[in-house]
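Enquirer: Let me begin by handing over the structure; questions about it come next.
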Amino acid sequence: MKQNILFLTLDGLRADKFTGETKTAITPNLDKLLKKGTYFNQAISCADGTILALNAMLSGKFPFRTGTRTKEVQMNSSNYIHIFKNNGYHIYGIIPDLTILSRFRFNFENSVNSFKGTPPNIERLWEGTGQKILNLFEPNKMKEPWFCYIHPNDLHNPVIVPEEYKNEEFGNNKYEKVLSSMDKWIGDIVKHIDLDKTIIVITADHGSIIPEGDLEYVDFEPEFKTGLNMGKKLMPHSTHKIGAKMFVGLRNKIRDSRLKKANEGLTPYQKRSRLPHFRLSLFDEVIRIPLLFIAKNIPEDKQISQQVSNVDIFPTILDILGFSDNSQRDGRSLIPYFRGDNMEERGVYLHTIPYVEKSVDDKVGIRTSKYKYFRYARESSEKINLYDLGQDPQENNNIASENPAVVKEMEAVLEGL
């Protein structure tokens, strides 16, 4: 009998907030699930944004093979959803109601399959999305075997804490308090699941920038935007562009000056934590994600430290199910790790989620278990970053200039993909 598949993508959930010493969220249900399965504590998303990450995950291919400038989840014939369909699976799900996800959503057999997903008007689990999910798991609502994809957006900016979770006991910041609130719903969902005939995968599309410790997010933008709008009103139309350009230049100088003063004495990691919610970034706080497999015959309460990627997730599911796949993928099955076998490590290709038009801010890189290397996509000699992850897990010290041989080696790996 084919196993059902529950796939939970918790948007924006960082690995270090799923489990670990810096986690302050209270998550008894996730903690129980962690003990029921095998967890990869060095799982890496190859992109820092949802669409690029999902395209990679659902195809098993790195972003440069899926079309790095795409603005939607692609559903071509090599997508894993089609493989499940071809093997007799019924496809269900609840995801954000966004145009960029519409092709994915059209595969779902359930008519109530989305929630408001456009910031700031996100419908969170406690605002109705959770009940929509629970309704889907009522008896006889889904035909077996089923694949059900759930993608709550509660951790997406703006982060809003439910009233009953605003107490400090649920976490030391809004992000972790919201994660505590999500745990209740995850527990309710799992209560409806027969674990003997269901594969559960819990992961994330990417991580998040979270103010570290007592620090707060610093944003000087609103006052500048207001001033810019006022400037436009006061200037004749013919001088709008010139005036706006001058104002933006002044704004950036003032902002940089204020940020420099506000960040005095902080580490690079702490400074990054104060940035606005979304910034193009390939640092681990944005690309290191949780990855948990729970299924019959998968080891319980096991953690694996070898580096893996989100492109490995679906090849592993297919291997568990015994399905064949002749397509050429970058991902590979992780089942040997379940058995305690070793595999040769593969570097994970990294790409910032791009603007529609090519930008000098696009970054590409490669991550191994020892080093993180990235640089500007359009100019290989610009903004080179190299970090020794073993000695410097928070990526505070860029060692590129002192290690040209390592830079050359990492660049060769990157160019060889």
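If you count the sequence shown from 1, you need to add 1211 to reach the numbering used here. Think of the CB as a built atom: it goes at the ideal place given N, C-alpha and C, for glycine as much as any other residue.
Quick one: grab the DSSP three-state call for G1304.
Expert: Counting from one through the sequence shown, the residue named residue 1304 turns up at place 93. It is a strand residue.
Enquirer: Closest to L1217 by C-alpha separation, out of S1322, L1406, T1310 and N1298, would be which residue?
Expert: Here the question's residue 1217 lines up with position 6 in the sequence shown. Residue L1406 is the option with its Cα nearest to L1217.
Enquirer: Quick check on the DSSP output: what are the complete beta strand (DSSP E) runs of length 3 or more inside the stretch 1302 to 1385, in order along the chain?
Expert: Entirely contained in the stretch 1302 to 1385, the beta strand (DSSP E) runs reaching 3 residues are, in chain order, 1357 to 1361.
Enquirer: Have a look at R1483 and K1581 and give me their C-alpha separation to the nearest angstrom.
Expert: Taking the first residue of the sequence shown as position 1, residue 1483 is located at position 272. Taking the first residue of the sequence shown as position 1, residue 1581 is located at position 370. Answer to the nearest angstrom: the Cα atoms are 22 Å apart.
Enquirer: At the level of alpha carbons, what is the spacing between R1314 and S1592?
Expert: In the sequence shown, the residue the question calls residue 1314 occupies position 103. In the sequence shown, the residue the question calls residue 1592 occupies position 381. Between R1314 and S1592, the C-alpha separation is close to 38 Å.
Enquirer: For the candidate residues E1606, Y1376 and S1468, whose alpha-carbon lies nearest to that of I1494?
Expert: Residue numbering aside, residue 1494 sits at position 283 when the sequence shown is read from its first letter. In the sequence under discussion, the amino acid at residue 1494 is Phe, which differs from the Ile named in the question. If we check each option's Cα against that of F1494, E1606 comes out closest.
Enquirer: Taking just the CA atoms, how far does N1384 sit from N1332?
Expert: By one-based count along the sequence shown, residue 1332 stands at place 121. By one-based count along the sequence shown, residue 1384 stands at place 173. Each residue's Cα considered, the two are about 21 Å apart.
Enquirer: State the DSSP-derived secondary structure class of G1442, mapped to helix, strand or coil.
Expert: Mapped onto the sequence shown, residue 1442 falls at position 231. Confidence at G1442 is low in this model, with a pLDDT of 42, below 50, so its placement is unreliable and no value can be given for it.
Enquirer: When you compare each of T1579, I1421 and N1364 to T1329 by their alpha carbons, which one comes out closest?
Expert: For this step, residue 1329 is matched to residue 118 along the sequence shown. Ranking T1579, I1421 and N1364 by Cα distance to T1329 puts N1364 first.
Enquirer: Tell me whether the stretch 1258 to 1272 and the stretch 1538 to 1553 touch, counting them as touching only if at least three CB pairs, one residue from each stretch, are closer than 8 Å.
Expert: Taking 8 Å as the limit for Cβ pairs, the verdict is that the stretch 1538 to 1553 does touch the stretch 1258 to 1272.
Enquirer: Where does P1433 sit, in a helix, a strand or coil, going by DSSP?
Expert: What you label residue 1433 is simply residue 222 of the sequence shown in a count that begins at 1. Annotation note: pLDDT 48 at P1433 (below 50); position unreliable, coordinate value reported separately. In the structure shown, P1433 sits in a helix (DSSP, three-state: H, G or I).
Enquirer: Could you give the DSSP three-state label for L1628: helix, strand or coil?
Expert: As a first step, residue 1628 must be located in the sequence shown, where it is residue number 417. It is coil, neither helix nor strand.
Enquirer: With DSSP run on the structure shown, which of helix, strand or coil describes G1271?
Expert: Reading the sequence shown from its first residue, position 60 is the one you call residue 1271. Coil.
Enquirer: Look at the Cβ atom of V1370, then the Cβ atom of Y1386, and state whether they are nearer than 8 Å.
Expert: Here the question's residue 1370 lines up with position 159 in the sequence shown. Here the question's residue 1386 lines up with position 175 in the sequence shown. Against a cut-off of 8 Å, the Cβ pair of Y1386 and V1370 comes out as a contact.
Enquirer: Is Q1253 near S1516, with beta carbons less than 8 Å apart?
Expert: Here residue 1253 refers to the residue found at position 42 when the sequence shown is read from its first residue. Here residue 1516 refers to the residue found at position 305 when the sequence shown is read from its first residue. Cβ distance < 8 Å, so Q1253 and S1516 count as in contact.
Enquirer: Put G1576 into one of helix, strand or coil per three-state DSSP.
Expert: As a first step, residue 1576 must be located in the sequence shown, where it is residue number 365. G1576 falls in the strand class under three-state DSSP.
Enquirer: Work out the CA separation of D1573 and K1443 for me, nearest whole Å.
Expert: Position 232 of the sequence shown holds residue 1443. Position 362 of the sequence shown holds residue 1573. At K1443 the pLDDT is 44, less than 50, meaning the model places this residue with poor confidence; the figure from the coordinates comes in the next sentence. Cα to Cα, the separation comes out at about 30 Å.
Enquirer: Examine the Cβ distances between the stretch 1469 to 1478 and the stretch 1219 to 1236 and report whether three or more of them are shorter than 8 Å.
Expert: The stretch 1469 to 1478 vs the stretch 1219 to 1236: no contact.
Enquirer: Flag this pair as yes or no: are the beta carbons of L1561 and F1585 separated by less than 8 Å?
Expert: By one-based count along the sequence shown, residue 1561 stands at place 350. By one-based count along the sequence shown, residue 1585 stands at place 374. Contact: yes.
Enquirer: In the structure shown, what three-state DSSP assignment does V1571 receive?
Expert: Numbered from its first residue, the sequence shown carries residue 1571 at position 360. Coil.
Enquirer: Is the number of C-beta pairs between the stretch 1242 to 1251 and the stretch 1550 to 1564 that are closer than 8 Å three or more?
Expert: They do not touch, by the three-pair rule.
Enquirer: Which of the three DSSP states, helix, strand or coil, is assigned to N1608?
Expert: On the sequence shown, residue 1608 is found 397 positions in, with the first residue counted as 1. DSSP places N1608 in coil when its eight states are reduced to three.
Enquirer: Short of 7 Å in beta carbon distance, which residues of its chain neighbour E1320, apart from the five on each side in sequence? Order them along the chain.
Expert: Position 109 of the sequence shown, counted from the start, is the residue given in the question as residue 1320. Here the set comprises H1301, I1302 and Y1303.
Enquirer: Roughly how many angstroms lie between the CA atoms of K1343 and V1323, to the nearest whole one?
Expert: Here the question's residue 1343 lines up with position 132 in the sequence shown. Here the question's residue 1323 lines up with position 112 in the sequence shown. Cα to Cα, the separation comes out at about 7 Å.
Enquirer: Rounded to the nearest angstrom, what separates S1288 and M1212 at their Cα positions?
Expert: Translated into the one-based positions of the sequence shown, residue 1288 becomes position 77. Translated into the one-based positions of the sequence shown, residue 1212 becomes position 1. Whole-angstrom Cα-Cα distance: 25 Å.
Enquirer: Considering only their Cβ atoms, is the gap separating I1500 from T1563 smaller than 8 Å?
Expert: Here residue 1563 corresponds to residue number 352 of the sequence shown, with the count starting at 1. Here residue 1500 corresponds to residue number 289 of the sequence shown, with the count starting at 1. For T1563 and I1500, no; Cβs fall outside 8 Å.
Enquirer: By DSSP, does K1583 sit in helix, in strand, or in coil?
Expert: Residue 1583 sits at position 372 when you count from the first residue of the sequence shown. Reduced to three states, the DSSP call for K1583 is strand.
Enquirer: Do the CB positions of I1421 and L1486 come within less than 8 Å of each other?
Expert: Looking up residue 1421 in the sequence shown gives position 210. Looking up residue 1486 in the sequence shown gives position 275. Going by C-beta atoms, I1421 is not nearer than 8 Å to L1486.
Enquirer: Would you kindly report the start and end of the unbroken alpha helix (DSSP H) that includes I1498?
Expert: As a working note, residue 1498 is residue 287 in the sequence shown. It spans D1495 to I1498 - the alpha helix (DSSP H) in which I1498 sits, taken as one unbroken run.
Enquirer: Using a Cβ-Cβ cut-off of 6 Å (strictly less than) and excluding sequence neighbours within five positions of F1229, which residues of its own chain qualify?
Expert: Your numbering for residue 1229 matches position 18 in the sequence shown. If we look at F1229 and ignore the five residues flanking it on each side, its Cβ neighbours are P1501.
Enquirer: By the 10 Å Cβ neighbour count, where 16 or more other Cβ atoms means buried, how is N1266 classified, buried or exposed?
Expert: Taking the first residue of the sequence shown as position 1, residue 1266 is located at position 55. Answer is buried; the Cβ neighbour count reaches 16.
Enquirer: Which first and last residues belong to the beta strand (DSSP E) in which F1218 is found?
Expert: As a working mapping, residue 1218 is identified with position 7 in the sequence shown. Note, F1218: beta strand (DSSP E), N1215 to T1220.
Enquirer: Which stretch, first to last residue, makes up the beta strand (DSSP E) that contains F1251?
Expert: Sequence index remark: in the sequence shown, residue 1251 carries index 40 (1-based). F1251 -> beta strand (DSSP E) spans T1249 to F1251.
Enquirer: Considering K1513, what are the terminal residues of the beta strand (DSSP E) in which it resides?
Expert: The sequence position of residue 1513 within the sequence shown is 302, counting from 1. Looking at the DSSP string, the run of the beta strand (DSSP E) that includes K1513 is K1513 to I1515.
Enquirer: Counting along the chain, where does the alpha helix (DSSP H) carrying L1529 start and finish?
Expert: Stepping through the sequence shown from its first residue, residue 1529 is reached at position 318. Counting along the chain, the alpha helix (DSSP H) containing L1529 begins and ends at I1524 to L1532.
Enquirer: Classify V1571: buried if its beta carbon has 16 or more other beta carbons within 10 angstroms, exposed otherwise.
Expert: Position 360 of the sequence shown, counted from the first residue, corresponds to residue 1571. The residue is exposed, with fewer than 16 neighbouring Cβ atoms inside 10 Å.
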